[in-house]
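What follows is one structure encoded as structure tokens, with my remarks underneath.
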């Protein structure tokens, strides 16, 4: 027998659920009053309604920019930040309405989103299907506006994620979309009537995690790389995978790309470039770009164009150079942050010789003396100056010393008409040059030994110096002062002719061809970071291979952690050192064009400069030694204190091996004791296992170096101990990336309590052993 009361309840409930839809069908011009996140055919959206995503994070509707002050239809964060900073749309259609009561947004049965102003269609999504379907527009919880079939939600007709404006949200792709074949870029211009430059952000297909920002219409460019910690997934395209719906990447109207969180007051987590000066030739030829982003002309130059057209013209000379009459002088400009591009390097002994070399050549436009002589023979571009000239380098720009007769003329525009040198003078100068070469050759033959004391450079300014063996031997005083010795060779103290202290590493057992060695060394020499020891030069002569590094006044971290007579490091200094090491490793792993695995991270390979800033040494050995690396490692006697389990198990070595070693070093920084030491407390004999258990139990104070007498920041101590325990996890997948380690130590990312890595116990020797030393088997990095 049928229960009539149940039937009545069923029909009444169904009717209540269908009533909003029926109302919209009976009155096809009804406003949106039914669903919060869905726009159905027959409904429309105007100034008084908004679609709200189910998680309450996003809305589709009419709102106003902060601080720009103009308004429009778009997808927005549902609630502005509590800090009342910028408030901007995350997506907008390709048409704009500033009249609050003029627009209507609706969706048709066949899945076309229509945007009208005063009844006229000004924008709509493309018609991609000819068959009739029942469509709806839905604002998803990730900020994506999709038009999809109401029956089959997986049938997506159109989505805003495929048509971004200037914001990238988590889950949104940038680059080549494999589904629709479109190239997705970000564009800074949201206002079609806006004046000035427009910027676009696209991917650099030739470099991993790299992007290019272009200025339009001038075509200037800036190339950058997304940080490894940001959460960028790369698989033919890039997608922001950061697990936070309030995170975003934005290209703003000034050409800067930022990664931020909408709900945090300190929302900017990363941005690039540092200033507009980083754009190639942003201010045009001969102009100076300040770090604040303004363009100025040096003395003797002027801009004949408005600010909007500055880039196309730059600065022009007041008067052309007249070098034939000797009326040219090079005037200094202080506060140079970055020299102009395309400098020619000349070896001279002092500044006077550098100046003379420039004034002798009628095509020389500027010079600078900074350990070597830099000369420029064309338009000066991309010169960056400090806002205050109290610091920085000095550049000398050549200009006429006397005002020419007549009015000012438009100066050199890149042609050869500005500096016309008569052919007779050219022939005479050529003859003088030949004679000078002959004389110099004779002098070199007579004073060969003195000449050998100077090194030549490879490339332009700031490149590596190439030393001869005689120079290396003289600089090190016949290798008389030995600083240390490791598995890769001996290190000697040296002094360059410029009175610069250096450390000279003599590599042993390297059987690499000269050409290959030079190529690898030059690649390593391009890697510069504040927490990585700077490679100054090299020597490859005969079978000898030498590397010349900057000298580190305070020696290795090992000396200060474990030596009784060394300077004792405070907790603040230890934490700063740990963070610096992490930043250096993150740069090697994630900031270089190719990931560099160090393979030998330990306190002995962390050096401290005069200010106790940590710098990673021997960072290029794995790359430099190549196949010889495994053979070198077999001659080293290592301890379980630094080497990841995969070195023993034979699993291929990745950058996660460095993460493991860093975790062990971090434990030593915290405790002031070597990981290989035995302890006598309960059943724990191996310190890393003991430390991991204490971290898991929350008893971290016992891990702190007793010499500090408890003087440590408890929060940072707990954070450092947890990070160390995560880094020494057995499985590579459980260890964090070094970029994540940096963020954890900086306090940007939370650190959960890690599990205890059990497999370490398998590598510990017998209870009565005095060390946990073992020999490394044949492996390669």
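In mature numbering (1 follows the signal peptide of the UniProt record, and there is no 0), the protein residues as written are -24 to -1, 1 to 757.
Where a beta carbon is used, it is the ideal one built from N, C-alpha and C, also for glycine.
Note that the coordinates shown come from a computational prediction; the quantities given were computed from them, not determined experimentally.
- In the three-state DSSP reduction, residue 204 falls in the helix class (H, G or I).
- A residue is called buried when at least 16 other Cβ atoms come within 10 angstroms of its Cβ; residue 478 meets this threshold and is buried.
- The beta carbon of residue 698 lies closer than 7 Å to those of 671, 727, 729, 730 in the same chain, with the five residues before and after it left out.
- Apart from the 5 residues on each side of it in sequence, residue 273 sits with its Cβ closer than 8 Å to the Cβ of 262, 263, 264, 279, 291 in its chain, given in chain order.
- Distance from the CA of residue 276 to the CA of residue 643, rounded to the nearest whole angstrom, comes to 60 Å.
- Take residue 667, set aside five residues on each side of it, and the residues of its chain with a beta-carbon closer than 6 Å to its own are 643, 679, in chain order.
- The C-beta of residue 686 has fewer than 16 other C-beta atoms within 10 Å across all chains shown, which makes the residue exposed.
- For the pair residue 42 and residue 248, the Cα-to-Cα distance works out to about 22 Å.
- Beta-bridge pairing by DSSP links residue 135 to 122.
- In this structure, DSSP gives residue 590 an extended state, which the three-state scheme calls strand.
- Per the coordinates, the alpha-carbon of residue 534 lies some 13 Å from the alpha-carbon of residue 528.
- Between residue 192 and residue 173 a beta carbon distance of about 7 Å is seen, short of the 8 Å cut, so the two are scored as contacting.
- Burial is judged here by how many other beta carbons sit within 10 angstroms of a residue's own beta carbon; residue 524 has at least 16 and is buried.
- With respect to the C-alpha of residue 79, the residue from 89, 112, 93 having the closest C-alpha is 93.
- At the C-beta level, residue 532 and residue 583 come within 7 Å of one another.
- Boundaries of the beta strand (DSSP E) harbouring residue 233: 233 to 237, taken from the DSSP string.
- Its Cα nearest to that of residue 663, the residue 647 stands out among 677, 675, 647, 673.
- Beta-bridge pairing by DSSP links residue 39 to 48.
- Under DSSP, residue 714 takes part in no beta bridge, so it has no partner.
- Minimum Cα-Cα distance from residue 719 among the listed residues 546, 696, 450 corresponds to 696.
- Annotation for residue 321: the continuous beta strand (DSSP E) segment containing it runs 320 to 322.
- 7 Å or more divides the Cβ of residue 337 from the Cβ of residue 266.
- Of 704, 34, 717, the smallest CA-CA separation from residue 633 is found for 704.
- Residue 338 sits in coil when the DSSP states are folded into three classes, being neither helix nor strand.
- Here the alpha carbon of residue 239 sits roughly 16 Å from the alpha carbon of residue 143.
- When the Cα atoms are used, residue 177 and residue 139 turn out to be separated by approximately 14 Å.
- When secondary structure is reduced to three states using DSSP, residue 580 falls in the helix class.
- The count of Cβ pairs closer than 8 Å, one atom from the segment 496 to 515 and one from the segment 545 to 564, reaches three, so the stretches are in contact.
- Per DSSP, the continuous beta strand (DSSP E) segment holding residue 308 begins and ends at 304 to 314.
- Taken in chain order, the whole alpha helix (DSSP H) runs of length 4 or more contained in the segment 619 to 669 are 622 to 625, 632 to 647.
- For the set 82, 200, 56, 650, the Cα lying nearest the Cα of residue 40 is the one of 56.
- The residue among 723, 16, 710, 495 with its C-alpha nearest the C-alpha of residue 732 is 710.
- If you check the CB distance, residue 87 and residue 123 come in under 7 Å.
- According to DSSP, residue 346 shares a beta bridge with 348.
- When DSSP reads this structure, residue 128 sits in no beta bridge, so it has no partner.
- Counting only runs of at least 4 residues, the segment 476 to 560 fully encloses the following alpha helix (DSSP H) elements, listed from N- to C-terminal order: 490 to 501, 533 to 538.
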